[in-house]
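Undergrad:
There are 2 protein chains.
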Amino acid sequence: MSEATIGDVARRAGVSTTTVSRFLGGQQVRAADLIRAAVADLDYRPSPAARSLRSGRTRSIAVVVPDVTNPFFAAVVKGAEAVARRDDYHLFLSNTDEDVDREAAVLADLVGRVDGAILAPTVESDDAPLRAHQAGLPLVFLDREIEGSAMFDAVLVDNGGGSRQVAEHFLDLGHRRIAIVNGTMHSTPGRQRREAFLDALKVAEPQVHEEHGDFREQGGYQAVMRLLALEHPPTAIFVTNNLMTVGALRALHDLGVRVPDELSIVGFDDLDLAQLLMPPLTVVERPMEEQGALAMRLLLRRLRESDDVQARRIVLETKLVVRGSTARPRST
Amino acid sequence: MSEATIGDVARRAGVSTTTVSRFLGGQQVRAADLIRAAVADLDYRPSPAARSLRSGRTRSIAVVVPDVTNPFFAAVVKGAEAVARRDDYHLFLSNTDEDVDREAAVLADLVGRVDGAILAPTVESDDAPLRAHQAGLPLVFLDREIEGSAMFDAVLVDNGGGSRQVAEHFLDLGHRRIAIVNGTMHSTPGRQRREAFLDALKVAEPQVHEEHGDFREQGGYQAVMRLLALEHPPTAIFVTNNLMTVGALRALHDLGVRVPDELSIVGFDDLDLAQLLMPPLTVVERPMEEQGALAMRLLLRRLRESDDVQARRIVLETKLVVRGSTARPRST
DNA sequence: TTGAAAGCGCTAACAC
DNA sequence: GTGTTAGCGCTTTCAA
Numbered sequence: 006m007s008e009a010t011i012g013d014v015a016r017r018a019g020v021s022t023t024t025v026s027r028f029l030g031g032q033q034v035r036a037a038d039l040i041r042a043a044v045a046d047l048d049y050r051p052s053p054a055a056r057s058l059r060s061g062r063t064r065s066i067a068v069v070v071p072d073v074t075n076p077f078f079a080a081v082v083k084g085a086e087a088v089a090r091r092d093d094y095h096l097f098l099s100n101t102d103e104d105v106d107r108e109a110a111v112l113a114d115l116v117g118r119v120d121g122a123i124l125a126p127t128v129e130s131d132d133a134p135l136r137a138h139q140a141g142l143p144l145v146f147l148d149r150e151i152e153g154s155a156m157f158d159a160v161l162v163d164n165g166g167g168s169r170q171v172a173e174h175f176l177d178l179g180h181r182r183i184a185i186v187n188g189t190m191h192s193t194p195g196r197q198r199r200e201a202f203l204d205a206l207k208v209a210e211p212q213v214h215e216e217h218g219d220f221r222e223q224g225g226y227q228a229v230m231r232l233l234a235l236e237h238p239p240t241a242i243f244v245t246n247n248l249m250t251v252g253a254l255r256a257l258h259d260l261g262v263r264v265p266d267e268l269s270i271v272g273f274d275d276l277d278l279a280q281l282l283m284p285p286l287t288v289v290e291r292p293m294e295e296q297g298a299l300a301m302r303l304l305l306r307r308l309r310e311s312d313d314v315q316a317r318r319i320v321l322e323t324k325l326v327v328r329g330s331t332a333r334p335r336s337t
Numbered sequence: 006m007s008e009a010t011i012g013d014v015a016r017r018a019g020v021s022t023t024t025v026s027r028f029l030g031g032q033q034v035r036a037a038d039l040i041r042a043a044v045a046d047l048d049y050r051p052s053p054a055a056r057s058l059r060s061g062r063t064r065s066i067a068v069v070v071p072d073v074t075n076p077f078f079a080a081v082v083k084g085a086e087a088v089a090r091r092d093d094y095h096l097f098l099s100n101t102d103e104d105v106d107r108e109a110a111v112l113a114d115l116v117g118r119v120d121g122a123i124l125a126p127t128v129e130s131d132d133a134p135l136r137a138h139q140a141g142l143p144l145v146f147l148d149r150e151i152e153g154s155a156m157f158d159a160v161l162v163d164n165g166g167g168s169r170q171v172a173e174h175f176l177d178l179g180h181r182r183i184a185i186v187n188g189t190m191h192s193t194p195g196r197q198r199r200e201a202f203l204d205a206l207k208v209a210e211p212q213v214h215e216e217h218g219d220f221r222e223q224g225g226y227q228a229v230m231r232l233l234a235l236e237h238p239p240t241a242i243f244v245t246n247n248l249m250t251v252g253a254l255r256a257l258h259d260l261g262v263r264v265p266d267e268l269s270i271v272g273f274d275d276l277d278l279a280q281l282l283m284p285p286l287t288v289v290e291r292p293m294e295e296q297g298a299l300a301m302r303l304l305l306r307r308l309r310e311s312d313d314v315q316a317r318r319i320v321l322e323t324k325l326v327v328r329g330s331t332a333r334p335r336s337t
């Protein structure tokens, strides 16, 4: 057991606990060497609980994501953790499983337990984050927002830009029957990717089908199954997140649809093996670990500053990476 | 701010703080209804810091993994988090990046900050975990062990079984020039997978090449590059983890090697897209989220019991899933 | 079943 | 630059 307390150190160094506390806090102290020695001898480690109770700060940050097994969020967590560690902060992780109630419970519970949270909210219409903030939880939004989060720091991506590039790419190739597999429309990426894509298609007035998934693999699978059961199935599909793309590819595989000969497909977010598929998958990509790292930097910075500093909002670029899963439609 | 303290609640309910504390702890109390109402009215939330300071417990558990972006560890974290949440525990996450020093620092730092930790140690020869345990940190080992961890709870997998199946599969197909791409030999999975594989090959005395990676993608890539530069390259390769398998596949792709016509390949741990590759990848699989969930259950159980309960060790099965990336060698 | 009182280990006023 | 003192919010003796 780490038994030694600050009192033990003080006694051994022949000073008061205050002096030890000051030394620990980085202040100038005459007995620095003695204290250092006492700390080492006793293997003294300050009690985090006592510190928190007294100071009101915990030196830990929560990261609240819908699903850590989504490679995007795993990368975000990794990036955030690295930055936190460098600043001697600890990381709490919460999985909401894309469940609003769970998210609300988690946030309420986090108040007072961490100094702040990075949040990728499940839906845009929930006000649990606002309540948590009012209860004293500094918040940075990551990748997704909620109504009324404009005054918060946020690290977002240009969903519109990437989606528009996909639309233009499809049109350039000559596709006129185009489909989009949407994620949750209540989430920022779901909404933005859809809107920008549909908007960019308008210039050519193609036939557009929409299917709604839930950002999960199953959703992508079923959506594609439905699309290809249409009398005139699309010749090009934009799948708006990575997990649904996996499901979509599985569906195409099961149906024996040849890509890109019979169908062009583009995913949002790169996948580890995307380049190794036959054909290699065309995707919209964006920096992932960096997004997490930036969010953590924003949060730590805000903790240092007064709360009334203006909201900092970072929007990262997205980029269409054309590989082999898109081609001209066969009939053209 | 969550301002209300237990004193406020007590006053409002007309009882002592002791009684409120007991009520909160689940004991029978006469004024239960009044207290419940006061808690609701004041939106009272107990201070975690005060609780920890007084009780010595934090109701949080750390999970220490080499890399969250490895799908296996992401799944482990998810499984562990779900179980922890159900028991009202919080989860700290630490990434060691396969770095022993970082791991040692993390563990030392965790003492007193969490009630226990689930650890997937980087190497087998480090004693930092032992020191942390002696300092009072209950530990459960996950997937990997260290020298002297036999008295600890652990959730492992039958690395030998899966690897042996791969070896037999290769031999059955008629391969006689066989290679293994090892992970870190200082880790449990690295060592066990290698030993069982080589051992099972002995019956047929094939020509065996070994390459050493580090469980990362780059390592797999380079190992395969070296193997295929040999005068008589192998006709079958066993790659001993998922990340290295991705690298290996990338190398084969870059070299234009046709699988399984020119080369058979098997990976350890399934990948999201493994079934969609051309050909679908043959792999050794095992339950992943479950491994994390079990480790968390073991740990929570140990926290409830006295420390001298005998170590519980769970070994999960591994299974070879034959898909399309293995075939008879061409020359046969 | 209840309450009074002590104290977990630390930091922040405040006085020197 | 240093020490004294008080107290953060809770749980846990102890006695009733």
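Chains as they are written, first to last, in the working numbering: chain A, 6 to 337; chain B, 6 to 337. Ideal Cβ placement from N, Cα and C applies to all residues, glycine included.
#1: Using the three-state DSSP reduction, which class does B/A172 fall into: helix, strand or coil?
#2: What's the gap between the Cα of A/A403 and the Cα of A/N246?
#3: Give me the chain B residues within the contact set of A/H258, using Cβ-Cβ distance strictly less than 8 Å, ordered along the chain.
#4: Grouping DSSP H, G and I as helix and E and B as strand, with all else coil, what is A/R17?
#5: Excluding sequence positions up to five away, which residues of its chain have a Cβ less than 8 Å from the Cβ of A/V251?
#6: Can you give the beta carbon distance from B/V82 to B/L124, rounded, assuming they're within the 8 Å contact cut?
#7: Can the beta-carbon of A/D266 be found closer than 9 Å to that of A/A332?
#8: Take B/V320 and list the residues in its own chain whose beta-carbon comes closer than 7 Å to its own, dropping the five residues that flank it on each side.
#9: Under 8 Å between beta-carbons, which chain A residues line up against B/V73? List them in chain order, please.
#10: Would B/V119 and B/S154 qualify as a contact pair, given that the criterion is a beta-carbon distance under 9 Å?
#11: Extract the residue ranges of the alpha helix (DSSP H) inside the segment 113-184 of chain A, only unbroken runs of 4 or more that lie entirely within it.
#12: Considering only DSSP beta bridges, list what B/Q212 is partnered with.
#13: If I follow the unbroken alpha helix (DSSP H) through A/F202, where does it start and stop?
#14: Could you please tell me which residues of the segment 243-258 of chain B, in chain order, have their CB closer than 8 Å to any CB of chain A?
#15: Using 9 Å as the limit for Cβ to Cβ distance, is A/A43 near chain B?
#16: Determine which residues of the segment 261-292 of chain A have a Cβ less than 8 Å from any Cβ of chain B, and write them out in chain order.
#17: Report yes if the CB atom of A/S130 is closer than 9 Å to the CB atom of A/H214, and no otherwise.
#18: Could you give the distance in angstroms between the alpha-carbon of B/R136 and the alpha-carbon of B/E150?
#19: Check the Cβ-Cβ distances between B/E294 and every residue of chain A, and say whether any is below 9 Å.
#20: Any C-beta of chain B within less than 9 Å: which residues of the segment 203-235 of chain A qualify?
#21: What span of residues does the alpha helix (DSSP H) with B/V82 cover, start to end?
#22: Name, in chain order, the residues that DSSP records as bridge partners for B/T189.
#23: Nearest to A/E236 by alpha carbon, out of A/Q212, A/M249, A/L281?
#24: Does the beta-carbon of A/T337 have 16 or more other beta-carbons within 10 angstroms, so that it is buried, or is it exposed?
#25: Output the distance between the C-alpha atoms of B/S57 and B/G165, rounded to the nearest integer angstrom.
#26: Measuring straight from C-alpha to C-alpha, what distance separates A/T193 and B/N187?
#27: For B/G272, which beta-bridge partners are listed by DSSP?
#28: Residues in the same chain with beta-carbon distance under 7 Å from A/R231, minus the five sequence neighbours each way, listed in chain order, please.
#29: So, under 8 Å CB-CB, B/A234 and B/I242 are touching, yes? Tell me the CB distance rounded to an integer number of Å.
#30: Let's see if you can read the secondary structure: which residues bound the alpha helix (DSSP H) around A/S57?
#31: List the endpoints of the continuous beta strand (DSSP E) containing B/S99.
#32: With a threshold of 9 Å between beta carbons, is A/S330 in contact with chain B?
#33: Once DSSP output is grouped into helix, strand and coil, what is the label at B/H217?
#34: Using 9 Å as the limit for Cβ to Cβ distance, is B/L144 near chain A?
#35: For A/A201, which of A/T101, A/Q170, A/L286 has the nearest alpha-carbon?
TA: In brief:
#1: Position 167 of the second sequence, counted from the start, is the residue given in the question as residue 172 of chain B. When secondary structure is reduced to three states using DSSP, B/A172 falls in the helix class.
#2: Any property of residue 403 of chain A remains undetermined from this structure, which presents chain A solely from 6 to 337.
#3: Within the first sequence, numbered from 1, the residue matching residue 258 of chain A stands at position 253. Chain B residues near A/H258: Q280, L281.
#4: Walking along the first sequence from the start, residue 17 of chain A turns up at place 12. In the displayed model, A/R17 falls within a helix according to three-state DSSP.
#5: For the purposes of this step, residue 251 of chain A is taken as residue 246 along the first sequence, with counting starting at 1. Exclusion of the five residues before and after A/V251 leaves E222, G225, L276 as the residues of its chain whose Cβ lies within less than 8 Å of its Cβ.
#6: Sequence index remark: in the second sequence, residue 82 of chain B carries index 77 (1-based). Sequence index remark: in the second sequence, residue 124 of chain B carries index 119 (1-based). Between B/L124 and B/V82 the Cβ distance is about 13 Å, and since that is not below 8 Å, they are no contact.
#7: Counting from one through the first sequence, the residue named residue 266 of chain A turns up at place 261. Counting from one through the first sequence, the residue named residue 332 of chain A turns up at place 327. Their beta carbons are under 9 Å apart, which means A/D266 touches A/A332 by this criterion.
#8: Residue mapping note: residue 320 of chain B aligns to position 315 of the second sequence, counting from 1. Excluding the 5 residues flanking it on each side, B/V320 has same chain C-beta neighbours closer than 7 Å at L161, V162, D163, in chain order.
#9: Here residue 73 of chain B corresponds to residue number 68 of the second sequence, with the count starting at 1. Identification of chain A residues near B/V73 by a Cβ-Cβ cut-off of 8 Å yields V73, A79, V82, K83, E86, ordered along the chain.
#10: For this step, residue 119 of chain B is matched to residue 114 along the second sequence. For this step, residue 154 of chain B is matched to residue 149 along the second sequence. No, Cβ-Cβ distance for B/V119 and B/S154 is not below 9 Å.
#11: The qualifying runs are 133-139, 164-178.
#12: Position 207 of the second sequence holds residue 212 of chain B. Under the DSSP definition of a beta bridge, B/Q212 partners with B/R182.
#13: Within the first sequence, the letter at position 197 stands for residue 202 of chain A. For A/F202, the enclosing alpha helix (DSSP H) begins and ends at 193-206.
#14: Identification of residues in the segment 243-258 of chain B having a C-beta nearer than 8 Å to some C-beta of chain A yields V251, L254, R255, H258, given in sequence order.
#15: Residue 43 of chain A sits at position 38 when you count from the first residue of the first sequence. No, its Cβ sits nowhere closer than 9 Å to a Cβ of chain B.
#16: The segment 261-292 of chain A vs chain B, Cβ under 8 Å: L276, D277, L278, A279, Q280, L281, L282, M283.
#17: Looking up residue 130 of chain A in the first sequence gives position 125. Looking up residue 214 of chain A in the first sequence gives position 209. No, these two residues do not count as a Cβ contact at 9 Å.
#18: Position 131 of the second sequence, counted from the start, is the residue given in the question as residue 136 of chain B. Position 145 of the second sequence, counted from the start, is the residue given in the question as residue 150 of chain B. B/R136 and B/E150 have their C-alpha atoms some 15 Å from each other.
#19: Taking the first residue of the second sequence as 1, we reach residue 294 of chain B at position 289. Look at B/E294: its C-beta is under 9 Å from a C-beta on chain A.
#20: Taking 9 Å as the Cβ-Cβ cut-off, the segment 203-235 of chain A approaches chain B at E222, given in chain order.
#21: Within the second sequence, numbered from 1, the residue matching residue 82 of chain B stands at position 77. From DSSP, the alpha helix (DSSP H) with B/V82 extends over 76-91.
#22: Position 184 of the second sequence, counted from the first residue, corresponds to residue 189 of chain B. B/T189 is not bridged by DSSP to any residue.
#23: Sequence index remark: in the first sequence, residue 236 of chain A carries index 231 (1-based). Minimum Cα-Cα distance from A/E236 among the listed residues A/Q212, A/M249, A/L281 corresponds to A/Q212.
#24: Working through the first sequence from its first residue, we reach residue 337 of chain A at position 332. No answer about A/T337 holds up, because its pLDDT of 46 lies below 50 and its placement is not dependable.
#25: Position 52 of the second sequence, counted from the start, is the residue given in the question as residue 57 of chain B. Position 160 of the second sequence, counted from the start, is the residue given in the question as residue 165 of chain B. C-alpha separation (whole angstroms): 43 Å.
#26: Sequence index remark: in the first sequence, residue 193 of chain A carries index 188 (1-based). Sequence index remark: in the second sequence, residue 187 of chain B carries index 182 (1-based). The alpha-carbon separation between A/T193 and B/N187 amounts to approximately 43 Å.
#27: Within the second sequence, numbered from 1, the residue matching residue 272 of chain B stands at position 267. Within the DSSP bridge table, the entry for B/G272 names B/V244, B/V288 as partners.
#28: What you label residue 231 of chain A is simply residue 226 of the first sequence in a count that begins at 1. Closer than 7 Å at the Cβ level, and outside the excluded window around A/R231, lie E216.
#29: Position 229 of the second sequence, counted from the first residue, corresponds to residue 234 of chain B. Position 237 of the second sequence, counted from the first residue, corresponds to residue 242 of chain B. In fact, because the Cβ distance is near 13 Å, the residues do not count as touching under 8 Å.
#30: Counted from its first residue, the first sequence places residue 57 of chain A at position 52. Run containing A/S57: 53-60, per the alpha helix (DSSP H) assignment.
#31: For the purposes of this step, residue 99 of chain B is taken as residue 94 along the second sequence, with counting starting at 1. That run of the beta strand (DSSP E) goes 95-100.
#32: As a working note, residue 330 of chain A is residue 325 in the first sequence. It does not; no Cβ of chain B falls within 9 Å.
#33: Numbered from 1 along the second sequence, position 212 holds the residue referred to as residue 217 of chain B. Of the three classes helix, strand and coil, the one that applies to B/H217 here is strand, per DSSP.
#34: Residue numbering aside, residue 144 of chain B sits at position 139 when the second sequence is read from its first letter. Not closer than 9 Å to any Cβ of chain A, the Cβ of B/L144 fails to qualify, so no.
#35: Working through the first sequence from its first residue, we reach residue 201 of chain A at position 196. Nearest option by C-alpha distance: A/Q170.
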